[in-house]
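Asks:
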Amino acid sequence: MRILRSGRPWTALRVLQSLHEGLLDLLFPPRCAVCQQIGAPYLCDACIVAFPPLGSPVCRICGTPVPATEALRSPVLDLAALCGACRHQTQHHFTWARAAGSYDGLLREAIHRLKYDHRKGLGYRLGDWAHRAGGTALQPPSVPDLVVPVPLHWTRARQRGFNQSLLVAQGFVGQRTWPIATDALVRTRRTRPQVDLDADQRAANVANAFAVSGRHPVHGKRVLIVDDVLTTMHTVDECARVLKAAGAREVFVVAVAR
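Residue numbers (this note's numbering): 2 to 259.
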């Protein structure tokens with residue numbers, strides 16, 4: 002410890018580290034995880050620019066894209082920005098949900114590289130992109146008291162080695178002082194991958210699959226849930242349900258893609 006804190010040895014150590022990193026970059030230059038372009042670690046600008054936007058307008062509750070003709074069809078102004086499901090039947094436990102892009106093309110490829118190729122650096126970059134690309138559209142109406150990544154079951158987390166939603170949350174929060182509570186929610190049982198299921202099966206798959214751990218009190222707090230992809234909303238809505246049951250004041254949701 003003394004060596005690391007003292008002046009000259011610390012400088013020498015930094016020089017050696019820089020030389021080592023430079024040699025690694027020379028032998029194994031960083032590449033974009035999507036297009037393999039040299040010199041762009043994790044994601045290059047060309048791929049980021051090509052990420053498909055979600056489109057607008059979107060439902061003001063669940064964030065589903067709504068055709069402009071549908072959005073203007075209702076004579077009631079307060080309902081004009083609601084999708085058909087939220088207008089007529091679906092009642093969510095979250096106040097508001099948004100995603101930055103459409104789960105398609107290069108954005109879908111980037112998320113797959115993160116989750117299935119273990120390119121963890123993509124998580125932070127995608128979260129940062131979601132924050133920048135979404136702009137004010139992805140800003141919760143109120144500053145969150147807690148940011149909660151959608152948890153993995155401990156067996157899947159051990160198998161994968163990381164929680165992609167946590168990496169995305171870290172990138173989305175960036176330099177802001179919003180506290181990320183990694184263990185406010187726990188997944189109480191291992192569920193099947195949602196990608197393999199239809200809408201009804203997805204709802205049953207995640208029912209009662211989450212619980213508030215008690216390590217981070219949520220009573221009276223505004224909670225922001227972060228996930229990588231939104232599809233039928235069943236996972237984030239079940240997370241919101243248990244958070245609200247534990248006394249959360251409001252729950253918002255953001256994701257990279259929908």
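Here a beta-carbon is modelled for each residue, glycine too, at the ideal position from N, C-alpha and C.
Tell me whether ALA256 is buried or exposed, calling it buried when 16 or more other Cβ atoms sit within 10 Å of its Cβ.
Replies: Residue 256 sits at position 255 when you count from the first residue of the sequence shown. Buried, by the Cβ-count rule.
Asks: Is ARG223 helix, strand or coil when you go by DSSP?
Replies: Taking the first residue of the sequence shown as 1, we reach residue 223 at position 222. Strand at ARG223.
Asks: Between HIS220 and GLY248, which are expected to be in contact by the criterion C-beta below 8 Å, what is the C-beta distance as a whole number of angstroms?
Replies: Taking the first residue of the sequence shown as 1, we reach residue 220 at position 219. Taking the first residue of the sequence shown as 1, we reach residue 248 at position 247. At roughly 3 Å, the Cβ-Cβ gap stays under 8 Å, so HIS220 and GLY248 are in contact.
Asks: Could you spell out the range, first to last residue, of the beta strand (DSSP E) harbouring ALA47?
Replies: Position 46 of the sequence shown, counted from the start, is the residue given in the question as residue 47. According to the DSSP assignment, ALA47 belongs to no beta strand (DSSP E) but to the alpha helix (DSSP H) extending over 46-51.
Asks: Could you name each continuous beta strand (DSSP E) segment of 3 residues or more that falls completely within the region 176-213, going from the start of the chain to the end?
Replies: 186-188, 211-213
Asks: Pick helix, strand or coil for ALA247, following the three-state DSSP scheme.
Replies: On the sequence shown, residue 247 is found 246 positions in, with the first residue counted as 1. Correct three-state label for ALA247: coil.
Asks: Could you check what DSSP says for ASP146 in three-state terms: helix, strand or coil?
Replies: If you number the sequence shown from 1, residue 146 lands on position 145. In this structure, ASP146 counts as coil in the three-state DSSP scheme.
Asks: Grab me the residues of ARG250's own chain with a C-beta within less than 7 Å of its C-beta, minus the 5 sequence neighbours each way, in chain order.
Replies: Here residue 250 corresponds to residue number 249 of the sequence shown, with the count starting at 1. Cβ neighbours of ARG250 beyond the five flanking positions: GLY221, LYS222, ARG223.
Asks: For CYS33, does the three-state DSSP call read helix, strand or coil?
Replies: For the purposes of this step, residue 33 is identified with residue 32 of the sequence shown, where counting begins at 1. Three-state result, CYS33: strand.
Asks: Taking all protein chains shown into account, decide if VAL50 is buried (16 or more other Cβ within 10 angstroms of its Cβ) or exposed.
Replies: Here residue 50 refers to the residue found at position 49 when the sequence shown is read from its first residue. Under this definition VAL50 is an exposed residue.
Asks: Output the residue ranges of the beta strand (DSSP E) runs that lie fully inside the region 79-104 and measure 3 residues or longer, sorted by chain position.
Replies: 97-102
Asks: For TYR43, write down the residues that DSSP places opposite it in a beta bridge.
Replies: Your numbering for residue 43 matches position 42 in the sequence shown. TYR43 pairs with CYS33.
Asks: When you compare each of GLN202, ALA185, LEU186, ARG109 to ARG193 by their alpha carbons, which one comes out closest?
Replies: For the purposes of this step, residue 193 is taken as residue 192 along the sequence shown, with counting starting at 1. Among GLN202, ALA185, LEU186, ARG109, the Cα nearest to that of ARG193 is on GLN202.
Asks: Have a look at ARG99 and PRO31 and give me their C-alpha separation to the nearest angstrom.
Replies: In the sequence shown, counting from the first residue as 1, residue 99 sits at position 98. In the sequence shown, counting from the first residue as 1, residue 31 sits at position 30. Each residue's Cα considered, the two are about 32 Å apart.
Asks: Are the region 91-107 and the region 145-154 in contact at 8 Å, needing three or more beta carbon pairs?
Replies: no
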